[in-house]
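Okay, structure first, notes after.
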Amino acid sequence: SELIKSNQTVFIDAGSTCLEVARRLLLREDIKLFTHSVRVLVEAQRGQADVTCIGGTLRRVSEALVDTFALNWLENLHFDVAIIGASGLCLKQGLSTTELSEAAVKQEVITRSEQVILAADSSKAGHPTAVNFAKWDQVSDWVVDQKIDRPRGSRYRLIVADQS
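Remember, the numbering used here sits 20 above the position in the sequence shown when you count from 1.
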């Protein structure tokens, strides 16, 4: 939450770690949130932040709205910050997910964002999944659950999240 400044426009991805970040951001009145996560939308009912839903077809496994509807929505948007999750993280391939339509949404969001924050727990490190969507040099910060070794030459900041 401290990485997000007042009056910024923020995209929040679907996924359990992004949901934890969203719960904190939803308490703020001074930011504008966009999401394609059904779970974030449900949480938004208890929050203070202004939230806009990116439409699309529901992918039940991740509870995310995806497909060409989501991509068309994103064409007209710009984000100060994107908070992106990943199913897999690998030194060579970068960030990955399990499904093409989710990867497409993540890629589009990243290209439309000034800053990209990866919100992924340490268990994902070293375990790539089927579809790559970003390289490490596209990530400015990685919010993680516990301290881990960063790859040599990496430029992102590693931030260990407060578990309380």
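Cβ atoms here follow ideal geometry from the backbone N, Cα and C, with glycine treated the same way. Note that this is a predicted model, so its numbers are computed, not measured.
Residues in its own chain within less than 6 Å of residue i by CB, not counting five upstream and five downstream?
i, result
"THR55", "ILE32"
"VAL58", "GLU83"
Among the residues of its own chain, which have a CB less than 7 Å from the CB of residue i, if the five just before and after it don't count?
i, result
"VAL60", "ILE32, LEU39, ALA42"
"THR88", "none"
"THR77", "LEU85, VAL86, ASP87, PHE89"
"GLY75", "LEU85, PHE89, ALA90, TRP93"
List the residues that DSSP assigns as beta-bridge partners of residue i.
i, result
"ILE137", "ILE103, ASP161"
"ILE32", "THR55, ILE103"
"SER82", "DSSP lists no partner for SER82."
"ALA90", "Paired residues: none, contrary to the question."
"THR117", "VAL151"
"CYS3", "The structure shown does not extend to residue 3, since the chain spans only 21 to 184, so no value can be given for it."
Just how far apart, CA to CA, sit residue i and residue j?
i, j, result
"ASP141", "VAL163", "8 Å"
"GLY114", "GLN65", "34 Å"
"THR118", "SER26", "34 Å"
"ARG79", "ASP157", "28 Å"
"ALA124", "ARG44", "26 Å"
"VAL136", "GLN28", "13 Å"
"GLU22", "ARG48", "11 Å"
"GLY35", "SER82", "6 Å"
"ILE104", "THR37", "9 Å"
"VAL196", "SER133", "No answer is possible for residue 196: the residues shown for the chain start at 21 and end at 184."
"ALA139", "ALA106", "8 Å"
"GLY67", "ILE51", "12 Å"
"LYS144", "GLU122", "17 Å"
"LYS155", "ASP161", "13 Å"
"PHE153", "ASP70", "28 Å"
"PHE10", "SER116", "What is shown of the chain runs 21 to 184, which leaves residue 10 out entirely."
"LEU46", "CYS73", "14 Å"
"VAL30", "LEU120", "23 Å"
"ILE24", "ASP165", "18 Å"
So what's residue i in DSSP terms, helix, strand or just coil?
i, result
"ALA154", "strand"
"SER143", "helix"
"LEU23", "coil"
"LEU111", "coil"
"ARG44", "helix"
Between residue i and the rest of its own chain, which residues show a CB-CB distance below 8 Å, the 5 nearest in sequence each way excluded?
i, result
"GLU188", "A question about residue 188 goes unanswered here, because the residues of the chain that appear run from 21 up to 184."
If we count Cβ pairs, one from each stretch, closer than 8 Å, do we get three or more for the segment 90-99 versus the segment 127-142?
At 8 Å Cβ cutoff, the stretches touch.
I want to know whether the segment 148-159 touches the segment 105-113 - three or more CB-CB distances under 8 Å.
With a cut-off of 8 Å, the segment 105-113 and the segment 148-159 count as touching, because enough Cβ pairs lie within range.
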